[in-house]
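Enquirer: Just so you know, we're using UniProt numbering here: the sequence shown kicks off at 1 and counts up by one.
Backbone N, C-alpha and C fix where the C-beta goes; we use that ideal spot for every residue, glycine too.
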Amino acid sequence: MWNMKRPLVRVHSKKNSKSIFGLTVQRQIELSVSWLDTSNVLPKHSYGREKINSQKAFLLTLWYLSNTETFRQVADRFNVSESSSHRDMKKVLDFLLSQKSSVIQWPDANTAREIEGRFRMMKGIRNVIGCIDGSHIEISKPKDNQESYYSRKGYHSLLLQSIVN
């Protein structure tokens, strides 16, 4: 559980403790919060109303994106105002979108040759510069288009696809 006045968000459970890219979900969240915290996207001043810290802002954004709750419900769950949750969620999303070019990059010719060489050395595979994989992330049953989210795994999910080199 995370430190909130009303700890209703369970981050660690048997369902989500599995490793994705060698990191547990908890560790991925810690790294994301640290990245957000060092960005100075969210205010850190001590005057005025209590500010939403990076951890809470990231978790409420993640919660909103992965559930079918309204802003009012998310704000209530995290014990913040609707306007604050909306403002900070927008800041988190804008920050994440601003970082896409530093995270998602197509390799130049030299880098592609180096990557291809590593794949060839490790697995004996030629002309490969990346691998794609997917992972089903379980979600609550959506109100609309439920059948579109029902996976072959037997539950409602979103599919995360990633490419790594």
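1. How would you call Ser140, buried or exposed, if buried means at least 16 neighbouring beta carbons within 10 angstroms?
2. What number of angstroms, rounded off, separates the C-alpha of Asn110 from the C-alpha of Gln161?
3. Below 9 Å between beta carbons: does that hold for Ser85 and Leu62?
4. Apply the 10 Å Cβ neighbour rule to Arg6 and answer buried if 16 or more other Cβ atoms are within range, or exposed otherwise.
5. On the DSSP letters alone, give me the boundaries of the beta strand (DSSP E) that Asp133 sits inside.
6. If you compare alpha carbons, which of Met89, Val33, Ile129, Pro142 is closest to Glu116?
7. Residues in the same chain with beta-carbon distance under 8 Å from Ala57, minus the five sequence neighbours each way, listed in chain order, please.
8. Based on the DSSP output, what are the partners of Tyr150 in its beta bridges?
9. Hey, how far is the Cα of Glu30 from the Cα of Lys123?
10. Assuming contact is defined by CB atoms lying nearer than 9 Å, are Val164 and Asp133 in contact in what I supplied?
11. In chain order, what residues of the same chain have a beta carbon less than 7 Å from the beta carbon of Ile74, not counting five sequence neighbours either side?
12. Enumerate in chain order the residues of its own chain whose CB-to-CB distance from Thr70 is below 6 Å, with the five nearest sequence positions on each side excluded.
13. Can a CB atom of chain C be found closer than 9 Å to the CB of Gln73?
14. Is it right to say Arg72 is buried, meaning 16 or more other beta carbons lie within 10 angstroms of its own, or is it exposed?
15. In or out: Arg118 buried (at least 16 other Cβ within 10 Å) or exposed?
16. I need the straight-line Cα distance from Cys131 to Ile125, nearest angstrom please.
17. Does DSSP classify Val92 as helix, strand or coil?
18. Just to confirm before moving on: does the CB-CB distance between Phe95 and Ser39 stay below 9 Å?
Expert: Result, derived from the coordinates:
1. By the C-beta density criterion, Ser140 is exposed, having fewer than 16 other C-beta atoms within 10 angstroms.
2. Distance from the CA atom of Asn110 to the CA atom of Gln161, rounded to whole angstroms, is 26 Å.
3. No, these two residues do not count as a Cβ contact at 9 Å.
4. Confidence is the limiting factor: at Arg6 the pLDDT is only 45, short of 50, which leaves the residue's position unreliable, though a coordinate-based value still follows. Taking every protein chain shown into account, the CB of Arg6 has fewer than 16 other CB atoms within 10 angstroms, so this residue is exposed.
5. 131 to 138 is the span of the beta strand (DSSP E), which, as asked, contains Asp133.
6. Looking only at Met89, Val33, Ile129, Pro142, the smallest Cα-Cα distance to Glu116 is reached by Ile129.
7. Sequence-distant Cβ neighbours of Ala57 in its own chain, meaning closer than 8 Å and more than five residues away, are Leu36, Leu42, Asp88, Met89, Lys91, Val92.
8. DSSP links Tyr150 through a beta bridge to His156.
9. Rounded to whole angstroms, Glu30 to Lys123 spans 32 Å at the Cα level.
10. Yes, the pair counts as a contact, with Cβ atoms nearer than the cut-off.
11. Here residue 74 is Val; the residue named in the question, Ile, does not match the sequence. The residues are Leu60, Trp63, Tyr64, Ser85.
12. No residues qualify anywhere along the chain.
13. Protein chain content of the structure displayed is limited to a single chain, and chain C is not contained in it.
14. Exposed, since its Cβ has fewer than 16 Cβ neighbours within 10 Å.
15. Around the beta carbon of Arg118, fewer than 16 other beta carbons sit within 10 angstroms, so the residue counts as exposed.
16. In a straight line, the C-alpha of Cys131 is about 12 Å away from that of Ile125.
17. Helix, per DSSP.
18. In contact: Phe95 and Ser39 (Cβ atoms closer than 9 Å).
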